[in-house]
Amino acid sequence: MRRVFFDSNVFLYATGTDHPLRDACRELFEHVQQGALRAETSVEALQEVAHVRARRSGRRTDAVELARRAARTCVVHPVELEDLERALSAFAADESLPMRDALHAAVALNRGVTVIASADTDFDRVPGLERVDPLDREAVAALAGAG
17 MRRVFFDSNV FLYATGTDHP LRDACRELFE HVQQGALRAE TSVEALQEVA
67 HVRARRSGRR TDAVELARRA ARTCVVHPVE LEDLERALSA FAADESLPMR
117 DALHAAVALN RGVTVIASAD TDFDRVPGLE RVDPLDREAV AALAGAG
């Protein structure tokens, strides 16, 4: 089973209103349910899910429930000092890399997860991390079949 770090946008698009990424992100979760992928994420990513959903919907209870459901579908990693240090180094080295993305990448890489599912192209510039765009159905199928 292939380990894949799920960026917060995968959770948000999969559970959001009609959007071009919704079905593609839902397909990633189907691969998880079928046992082809092992979804991993971080406490920070799930915090982001709750924050964004509450801000967009105005309903905190929905945001809390979404973050809790997401936590049940993944291995959830804590954020450690080593993650912060690696993220800060990446953030300092690439002035266009957002700190939040640097932290997600650091958590993944420090846990040996080298693939991230995300619509965010900022991850394309992170050394050692391969981004799989949910809209790239061939890449998703190959990832799920790589077991």
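The opening residue of the sequence shown carries number 17 in the numbering used here; numbering runs sequentially from there. Every residue, glycine too, gets a C-beta built ideally from N, C-alpha and C. Note that the coordinates shown come from a computational prediction; the quantities given were computed from them, not determined experimentally.
**Request:** Look up LEU58 in the DSSP assignment and give the residues it is bridged to.
**Result:** What you label residue 58 is simply residue 42 of the sequence shown in a count that begins at 1. According to the sequence shown, residue 58 is Ser rather than Leu. Per DSSP, HIS93.
**Prompt:** Given a threshold of 16 other Cβ atoms within 10 Å of its Cβ, counted over all protein chains shown, does ASP34 qualify as buried or as exposed?
**Reply:** Looking up residue 34 in the sequence shown gives position 18. ASP34 comes out exposed.
**Prompt:** Between the Cα of VAL68 and the Cα atoms of ALA83, GLU56 and ARG54, which residue gives the shortest distance?
**Reply:** Counting from one through the sequence shown, the residue named residue 68 turns up at place 52. Nearest option by C-alpha distance: ALA83.
**Prompt:** For ARG153, does the three-state DSSP call read helix, strand or coil?
**Reply:** The count along the sequence shown starts at 1 and reaches residue 153 at position 137. In the structure shown, ARG153 sits in a helix (DSSP, three-state: H, G or I).
**Message:** How far does the beta strand (DSSP E) with GLU146 in it extend, from its first residue to its last?
**Reply:** As a working mapping, residue 146 is identified with position 130 in the sequence shown. That run of the beta strand (DSSP E) goes 146-148.
**Of the residues ARG141, ASP117, ALA87 and LEU44, the one placed nearest ARG66, counting alpha carbons only** = Your numbering for residue 66 matches position 50 in the sequence shown. First, the amino acid is wrong: residue 66 is Ala here, not Arg. Of ARG141, ASP117, ALA87 and LEU44, the residue nearest in Cα terms is ALA87.
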